[in-house]
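Below: one structure, written as structure tokens.
Number of protein chains: 2
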Amino acid sequence: MKTALTTILLALTSFSLIAQQNIFNRTEIVSPEINKDNTVTFRLKGPEASKVTISGSWMPSKGFESPSEEMHKGDSGVWTYTTEALQPELYRYSFSVNGVRTTDPSNAFAIRDVATLSNIFLIEGGKADNYKINDVPHGTVAYRWYDSPGNDKKRRLAVYTPAGYENSEENYPVLYLLHGIGGDEEAWLGSGRAKQIMDNLIAQGKVEPMIMVMPNGNVSQQAAPGEASDGFKRPTFMLPHTMDGKFEETFIDIIKFVESNYRTVEKKEGRAIAGLSMGGYHTAYISMNYPNTFDYVGLFSPAINVNNNQPKISVAYQNIDEKLKAQLDNGYKLYWIAVGKNDMQMLLDGIQKYRKDLDAIDMKYAYKLTEGGHTWENWRDYLVEFSQSLFKK
Amino acid sequence: MKTALTTILLALTSFSLIAQQNIFNRTEIVSPEINKDNTVTFRLKGPEASKVTISGSWMPSKGFESPSEEMHKGDSGVWTYTTEALQPELYRYSFSVNGVRTTDPSNAFAIRDVATLSNIFLIEGGKADNYKINDVPHGTVAYRWYDSPGNDKKRRLAVYTPAGYENSEENYPVLYLLHGIGGDEEAWLGSGRAKQIMDNLIAQGKVEPMIMVMPNGNVSQQAAPGEASDGFKRPTFMLPHTMDGKFEETFIDIIKFVESNYRTVEKKEGRAIAGLSMGGYHTAYISMNYPNTFDYVGLFSPAINVNNNQPKISVAYQNIDEKLKAQLDNGYKLYWIAVGKNDMQMLLDGIQKYRKDLDAIDMKYAYKLTEGGHTWENWRDYLVEFSQSLFKK
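In order, the protein sequences belong to chains G and H. Take any residue in the first sequence, count from 1 to its spot, add 727: that is its number in the numbering used here. Take any residue in the second sequence, count from 1 to its spot, add 727: that is its number in the numbering used here.
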């Protein structure tokens, strides 16, 4: 139904297929629809499709099989599926149409995870309110390029400065927050909701205002896929030099950039470092290689001691016992390890081995075995908890 | 084929369906593949699909119909389509599987345009090299929140500061760059490639280093969809108060924020304003309502004089002749209008009418009638050309 008004509106946007679809084909279908009882209804118009399924992050995982459920075709070719009532959380999902994985054409919100776009939605309440954008003072997110002489290239990182930073003369403490394999400097801001978590917890007075620096841990990259001079190169999972010590060795380039470009507390009590999975591994080695630098260390589901068959030739991986001892002797305020009890056995075993190494030298740490597995659901929880322990006066 | 190594890698990512698909299902299919002769091959694995089509921004538009081409099913259920040789440009496309529009599951790069995600790819060379990320000094992109007392809310804008800004004491000129209907503060950075254009042209010495401010012209919004406290609300095309003068009336809030938060040249010779479509309309009215503020004014396919049936009650729309006369008398360096000859007749007519108004008071302007229509292809071109005329000493 094209009215005179929509014709005028059409005139004001791109003439592309895309805009037209917005106006004429799309507004009929609402998907996802979050119902009052926190069940969620998904809809997809596909009169010519013969099989449509949905995969969602709320579905119990079945080992290496992707869990999925069939959607049902109703009137006028609209396929629907309604979940059970869901707990508050940020969820991901995708459809499959006749065997082809697709995003939901009615949902413009998607997050890239490695090489895949998935749609997202949020069930409000409880802990998910930390991930919501609430009407609170908002920090600034900046994507900046810094020089990394140790890697002989310019590289990109994301910096969160808390609300008020720009209109203050104060120095702020810094949390360095590292991503996992396949991630990059955008991962914590996308899947991790780190910006929203900080805005909300700072506004509630639960977290000290801090700068949060999210570097790219893949030293062979300049930046996230699509943001570097190699163009729209297909994102890959395991990049060269990602766990060979180069990131740890050159981390000083990042600290130098941050401390010369932001008003920071340039001492151990003003620095924290944490990371998930591979980023937890990086965090462990960075903090022990710069053993008088961080008062707060967070290992979130760290992938430590899992690739022992790989040769460890980097200086960053030599003399571990000595380095840990130095870190212990120099003192620190918090060494925090968390992992989900359904994480891979190999990972759980690696962490147990690491704990024994720490115990052997009487190096204190907090250890938390949570529900769940190797998931962003857990890593968001860990950030919420860990950040509340930092920089308290 | 799961090797021991991939099993280890799997352990290091999220256990979700998503990561597994990356590793096991996805690496086989390359799409899009840009061939040496600049033809492009698209591939989609869909053995159970019975009809697959592709729509792309290189296809000639057929009025209100979305142009599309059929893809062909080959061995092992992979559908393919190869274009003719394409000119250098940033292109968008989507697939349709049995009638359902979908993104390309093998291409992680997509841009949101209003409510729709479309995949993108770039054919290098010529003008498209302005849109590429080249190995040049990179500016910073920051998303900041400012107070808009005139709209009684906090609002979000994007700010580009050129490479070197942070390590300098200099004051920089500012280009205010406005989006069209359905757009927001992310539009020029997404579809518009404004960051890449500035980085590249500044590095080549063609454009003066400048700050570029991209506000959100929909005053009923705080921020782009998904970035405001109304959550993941479906993006809509026409928002309330978008062309009723409120944005123009309250634009001073943005200037004040920028000039008190950045080192700027706080005079007319240090300010430019430009916008596309609705943003061109906003630009015309803002520049005449603040008639001694901008030395450079750019109307890109401006949607001016197209909605004359709507009552214009805002003070921003009163006494136009007087205001234009004041702008003329105060002086300016460049008033630049460009539009594509295939744009909507209504829009072309509106611009002709506006030109007559300018001619009537002998207000000088540059006018450029280009190829093409109401498209991002044109607006990127216009930014490339307009920006090279700004702030020259």
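Idealized CB from N, CA, C, for every residue including glycine.
Grab me the residues of Asn749/G's own chain with a C-beta within less than 6 Å of its C-beta, minus the 5 sequence neighbours each way, in chain order. Here residue 749/G corresponds to residue number 22 of the first sequence, with the count starting at 1. With a pLDDT of 42 at Asn749/G, under the threshold of 50, the predicted position of this residue should be treated as unreliable, though the coordinate-derived value follows. Here the set comprises nothing.
Compute the Euclidean distance between the alpha carbons of Gly997/H and Phe1021/H, then round it to the nearest angstrom. Here the question's residue 997/H lines up with position 270 in the second sequence. Here the question's residue 1021/H lines up with position 294 in the second sequence. Near 8 Å, if we compare the C-alpha coordinates of Phe1021/H and Gly997/H.
Let's test the definition: count the other Cβ atoms within 10 Å of the Cβ of Ile1040/G and tell me whether it reaches 16, buried, or not, exposed. Within the first sequence, residue 1040/G is the residue found at index 313, counting from 1. When all chains shown are included, Ile1040/G counts as exposed.
Cutoff 8 Å: Phe959/H Cβ touching any chain G Cβ: Here the question's residue 959/H lines up with position 232 in the second sequence. Yes, contact with chain G.
Nearest-angstrom Cα separation, counted from Glu896/H out to Ile761/H: Numbered from 1 along the second sequence, position 34 holds the residue referred to as residue 761/H. Numbered from 1 along the second sequence, position 169 holds the residue referred to as residue 896/H. Going by C-alpha positions, Ile761/H is about 44 Å away from Glu896/H.
With the cut-off set at 8 Å, would you say His906/H and Gly866/H are in Cβ contact? Within the second sequence, the letter at position 179 stands for residue 906/H. Within the second sequence, the letter at position 139 stands for residue 866/H. Result no, Cβ atoms of His906/H and Gly866/H do not sit closer than 8 Å.
In the DSSP output, what is Trp1106/H paired with across the bridge? Along the second sequence, one-based indexing puts residue 1106/H at 379. Partner(s): none; Trp1106/H has no beta bridge.
Could you have a look at Asn1057/G and say whether DSSP puts it in helix, strand or coil? By one-based count along the first sequence, residue 1057/G stands at place 330. Residue state for Asn1057/G is assigned as helix, using DSSP reduced to three classes.
Relative to the C-alpha of Pro864/G, which residue among Arg883/G, Gly1007/G, Arg839/G and Gly891/G is closest? The count along the first sequence starts at 1 and reaches residue 864/G at position 137. That would be Gly891/G, whose Cα lies nearest to the Cα of Pro864/G.
Within-8 Å CB hit, Pro774/H to chain G: Against the second sequence, residue 774/H aligns to sequence position 47. Yes, contact with chain G.
Whether Val985/H touches Leu916/H by CB criterion (8 Å): Counted from its first residue, the second sequence places residue 985/H at position 258. Counted from its first residue, the second sequence places residue 916/H at position 189. Cβ distance not < 8 Å, so Val985/H and Leu916/H don't count as in contact.
Is the separation between the beta-carbon of Val940/H and that of Tyr903/H shorter than 8 Å? Within the second sequence, residue 940/H is the residue found at index 213, counting from 1. Within the second sequence, residue 903/H is the residue found at index 176, counting from 1. Yes; because the gap between Cβ atoms is below 8 Å, this pair is in contact.
Hey, could you find the ends of the beta strand (DSSP E) Arg871/G is sitting in? The residue given as residue 871/G occupies position 144 in the first sequence. Thr867 to Ser875 is the span of the beta strand (DSSP E), which, as asked, contains Arg871/G.
Go through its chain and collect everything with a Cβ distance to Gln1115/G's Cβ below 8 Å, but skip five positions before and after it. For the purposes of this step, residue 1115/G is identified with residue 388 of the first sequence, where counting begins at 1. Excluding residues up to 5 positions away in sequence, Leu928, Lys933 and Val934 lie with their Cβ nearer than 8 Å to the Cβ of Gln1115/G in the same chain.
Could you check whether the Cβ of Leu744/G sits closer than 8 Å to any Cβ belonging to chain H? Along the first sequence, read from residue 1 onward, the residue named residue 744/G stands at position 17. At Leu744/G, the pLDDT of 36 sits below 50, so the modelled position is not reliable; the number obtained from the coordinates is stated separately. With 8 Å as the cut-off, Leu744/G counts as an interface residue toward chain H.
Which residues of chain G have a Cβ atom closer than 8 Å to the Cβ of Leu849/H, listed in chain order? Reading the second sequence from its first residue, position 122 is the one you call residue 849/H. Those are Gly958 and Phe959, listed as they occur along chain G.
Determine the chain H residues that contact Pro1029/G at a beta-carbon separation under 8 Å, and present them in chain order. Translated into positions along the first sequence, residue 1029/G becomes position 302. Listed along chain H, no residue sits closer than 8 Å to Pro1029/G by beta-carbon distance, the nearest being about 10 Å off.
Since Trp872/G meets chain H, which of its residues come closer than 9 Å, beta carbon to beta carbon? Locating residue 872/G in the first sequence gives position 145, where the first residue counts as 1. Correct list: Pro864, His865, Gly866, Thr867 and Ala890.
Between the Cα of Gly1099/G and the Cα atoms of Met1073/G, Tyr1092/G and Val1066/G, which residue gives the shortest distance? The residue labelled residue 1099/G in the question sits at position 372 within the first sequence. Nearest Cα to Gly1099/G within the set Met1073/G, Tyr1092/G and Val1066/G: Val1066/G.
Beta-carbon gap between Asp980/H and Gly877/H smaller than 8 Å: Taking the first residue of the second sequence as position 1, residue 980/H is located at position 253. Taking the first residue of the second sequence as position 1, residue 877/H is located at position 150. At the C-beta level, Asp980/H and Gly877/H come within 8 Å of one another.
Where Asn765/H and Met786/H are concerned, what is the direct C-alpha to C-alpha distance, given to the nearest angstrom? For the purposes of this step, residue 765/H is taken as residue 38 along the second sequence, with counting starting at 1. For the purposes of this step, residue 786/H is taken as residue 59 along the second sequence, with counting starting at 1. Going by the C-alpha atoms only, they are around 15 Å apart.
Pairwise C-alpha distance: Tyr820/G and Ser777/H: Here the question's residue 777/H lines up with position 50 in the second sequence. Here the question's residue 820/G lines up with position 93 in the first sequence. Going by C-alpha positions, Ser777/H is about 24 Å away from Tyr820/G.
Reduced DSSP secondary structure (H/G/I, E/B, other) of Ile750/H: If you number the second sequence from 1, residue 750/H lands on position 23. In this prediction, Ile750/H has a pLDDT of 43, which is less than 50 and means its spatial position is unreliable; what the coordinates show is noted afterwards. The three-state reading of DSSP puts Ile750/H in helix, counting H, G and I together.
Please list, in chain order, all residues of the same chain as Ala930/G whose beta carbon is under 7 Å from its beta carbon, the five residues on each side excluded. Against the first sequence, residue 930/G aligns to sequence position 203. Only residues of its own chain outside the window of five on either side were considered, and among them Val863 and Pro864 have a CB closer than 7 Å to the CB of Ala930/G, listed in chain order.
Name the chain H residues that come within less than 7 Å of Gly953/G, Cβ to Cβ? For the purposes of this step, residue 953/G is taken as the residue at position 226 of the first sequence. Close to Gly953/G, with beta-carbon spacing below 7 Å, are these residues of chain H in chain order: Phe836.
Going along chain H, which residues have a C-beta under 9 Å from Glu893/G? By 1-based counting over the first sequence, the position of residue 893/G is 166. Residues of chain H passing the Cβ test: Arg871 and Asn988.
Flag this pair as yes or no: are the beta carbons of Ser1014/H and Ile1000/H separated by less than 8 Å? Position 287 of the second sequence, counting from 1, holds the residue named residue 1014/H. Position 273 of the second sequence, counting from 1, holds the residue named residue 1000/H. With respect to Ile1000/H, Ser1014/H sits close: the two C-beta atoms are nearer than 8 Å.
So with Cβ pairs under 8 Å, would you call Ser1085/G a contact of chain H? In the first sequence, the residue the question calls residue 1085/G occupies position 358. In the sequence on display, residue 1085/G carries Leu and not Ser. Not flagged as an interface residue toward chain H: Leu1085/G, since no C-beta distance is shorter than 8 Å.
Since Met1073/H is in the beta strand (DSSP E), which residue starts that stretch and which ends it? If you number the second sequence from 1, residue 1073/H lands on position 346. Where Met1073/H is concerned, there is no enclosing beta strand (DSSP E), although the alpha helix (DSSP H) it sits in stretches over Gln1072 to Ala1087.
Using 8 Å as the cut-off, can you tell me whether the stretch 1076-1089 of chain H makes contact with the stretch 1017-1031 of chain H, which would need three or more C-beta pairs spanning the two stretches below that distance? Counting Cβ pairs under 8 Å, three or more are found: they touch.
Sorted by chain position, which residues of the same chain lie with C-beta nearer than 6 Å to Thr1102/H's C-beta, five sequence neighbours on each side aside? Here the question's residue 1102/H lines up with position 375 in the second sequence. Within the same chain, no Cβ atom closer than 6 Å to the Cβ of Thr1102/H is found once the five residues on either side in sequence are excluded.
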